[in-house]
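Working notes, structure below.
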Amino acid sequence: GQQVQQSPTSLVLQEGENAELQCNFSTSLNSMQWFYQRPGGSLISVFYNPSGTKQSGRLTSTTVIKERRSSLHISSSQITDSGTYLCAMATNTGKLTFGDGTVLTVKP
Amino acid sequence: EAAVTQSPRNKVAVTGGKVTLSCNQTNNHNNMYWYRQDTGHGLRLIHYSYGAGSTEKGDIPDGYKASRPSQENFSLILELATPSQTSVYFCASGDPDRGTEVFFGKGTRLTVV
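Sequence order for the protein chains is C and R.
Its first residue numbered 9, the first sequence is counted upward by one per residue in the numbering used here.
Its first residue numbered 1399, the second sequence is counted upward by one per residue in the numbering used here.
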């Protein structure tokens, strides 16, 4: 089975609405990281979050390692937030495995 | 800012030919990774490395070899390229097991004809 499960698969918002993206892990992990990707683009690190809550502007990430889950909250979404958000888990040997991503579309 | 540089950025290869994708990082990270990204499959790990001289098989290693001659360089080698290996390939470096985030290169678009 897939080690990293992301939900939802896709999400459509009106500009200004909030979004909650989830990531669940089926095995023990050492750390996790959230990435953002535009179509045809590379992966940009959003949060490296081994545990706890981190905030950067309108984005907040919360990771609970013992429960094998992480969330990414986007407040007051903007059109420029559109793209794919991927989460990845790292084992204690450094192997990094990705989920399939959440495609976010923010409409005006 | 952490830097991961991939070359070439685009490549067209013939079936049966040899292809080498190169990756260089200036972050002094121990771990380096090679992924491919295809529509419908997300990012899949091909090979990774813990440091110079080491290579480890990822989740889809068949048809690929890797080489890590130094801390800075990590290559992905397709000895006999096939059309099914047409994809976008990403290299990354980072030590997420040691408290350091992972950074990605800009990707290489490979087309095998």
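Glycine included, C-beta positions come from ideal geometry on N, C-alpha and C.
Only a predicted model underlies this, so the values are computations on that prediction, with no experimental measurement involved.
Give the secondary structure of residue i by DSSP, where H, G and I count as helix, E and B as strand, and everything else as coil.
i, result
"R1442(R)", "strand"
"T88(C)", "helix"
"K74(C)", "helix"
"T68(C)", "strand"
"N1422(R)", "strand"
"Q41(C)", "strand"
"Y1448(R)", "coil"
"N57(C)", "coil"
"S83(C)", "coil"
"T1413(R)", "coil"
"S1405(R)", "strand"
"D108(C)", "coil"
"A96(C)", "strand"
"A1400(R)", "coil"
"E25(C)", "coil"
"K103(C)", "coil"
"V20(C)", "strand"
"R1507(R)", "strand"
"T35(C)", "coil"
Relative to the C-alpha of residue i, which candidate in the options has its C-alpha closest?
i, options, result
"P190(C)", "G102(C), D108(C), S85(C)", "What is shown of chain C runs 9 to 116, which leaves residue 190(C) out entirely."
"G49(C)", "N1425(R), V1486(R), T1509(R), Y1462(R)", "V1486(R)"
"S64(C)", "I73(C), S53(C), K74(C)", "S53(C)"
"N1359(R)", "V1410(R), L1443(R), K1409(R), A1400(R)", "Shown here, chain R extends from 1399 to 1511; a query on residue 1359(R) therefore has no answer."
"G102(C)", "S1405(R), M1430(R), R1407(R), L1419(R)", "M1430(R)"
"Q1469(R)", "T1424(R), G1505(R), L1508(R), P1481(R)", "T1424(R)"
"G1415(R)", "G1440(R), G1492(R), H1445(R), P1481(R)", "P1481(R)"
"D1493(R)", "N1426(R), T1413(R), V1412(R)", "N1426(R)"
"C95(C)", "E25(C), E23(C), T71(C)", "T71(C)"
"L73(C)", "T61(C), Q45(C), L67(C), R66(C)", "The sequence as given places Ile at residue 73(C); Leu does not occur at that position. If we check each option's Cα against that of I73(C), T61(C) comes out closest."
"Y93(C)", "H81(C), L104(C), T99(C)", "H81(C)"
"V111(C)", "F55(C), Y44(C), Q10(C)", "Y44(C)"
"T113(C)", "F106(C), S36(C), D89(C)", "D89(C)"
"G107(C)", "L21(C), S36(C), V20(C), W42(C)", "W42(C)"
"T1403(R)", "V1511(R), L1508(R), A1490(R)", "A1490(R)"
"L1508(R)", "F1472(R), L1476(R), G1438(R)", "L1476(R)"
"G1456(R)", "G1449(R), Y1462(R), H1445(R), T1437(R)", "H1445(R)"
Mind reading off the beta-carbon distance from residue i to residue j? Whole number of angstroms is fine, and I expect it under 8 Å.
i, j, result
"F1488(R)", "Q1435(R)", "6 Å"
"V1474(R)", "W1432(R)", "Contrary to the premise, residue 1474(R) reads as Leu rather than Val in this sequence. L1474(R) to W1432(R), Cβ: 5 Å. Contact."
"S18(C)", "Q30(C)", "No, S18(C) and Q30(C) are not in contact; Cβ-Cβ is about 13 Å, not under 8 Å."
"S69(C)", "E28(C)", "Contact flag wrong, Cβ pair sits at about 11 Å."
"L1419(R)", "T1506(R)", "5 Å"
"N4(C)", "M40(C)", "Absent from the structure is residue 4(C), since the part of chain C shown begins at 9 and ends at 116."
### Query
In chain order, what residues of the region 1426 to 1439 of chain R put their CB closer than 7 Å to some CB of chain C?
N1429, Y1431
### Ordered list of beta strand (DSSP E) runs contained in the region 1452 to 1503 of chain R, each at least 3 residues
1463 to 1465, 1473 to 1476, 1485 to 1491
#### Entry: chain R contacts made by the region 90 to 116 of chain C, where a contact means CB separation under 9 Å
Against chain R - using a Cβ distance shorter than 9 Å - the residues of the region 90 to 116 of chain C are L94, A96, M97, A98, T99, N100, T101, G102, K103, L104, T105, F106, G107, D108, G109.
### Task
Taking only beta carbons into account, state which residues of the region 1471 to 1501 of chain R come closer than 9 Å to chain C, listed in chain order.
So the close ones are V1486, F1488, A1490, G1492, D1493, P1494, D1495, R1496, G1497, T1498, E1499, V1500, F1501.
### Contacting positions in the region 29 to 54 of chain C - beta carbon closer than 7 Å to chain R
N38, S39, Q41, S50, L51, S53
### Query
If you measure beta-carbon to beta-carbon, which residues of the region 1435 to 1464 of chain R are closer than 7 Å to chain C?
G1440, L1441, L1443, Y1446, Y1448
### Task
Select from the region 1406 to 1417 of chain R all residues with a C-beta closer than 8 Å to any C-beta belonging to chain C, and list them in chain order.
none
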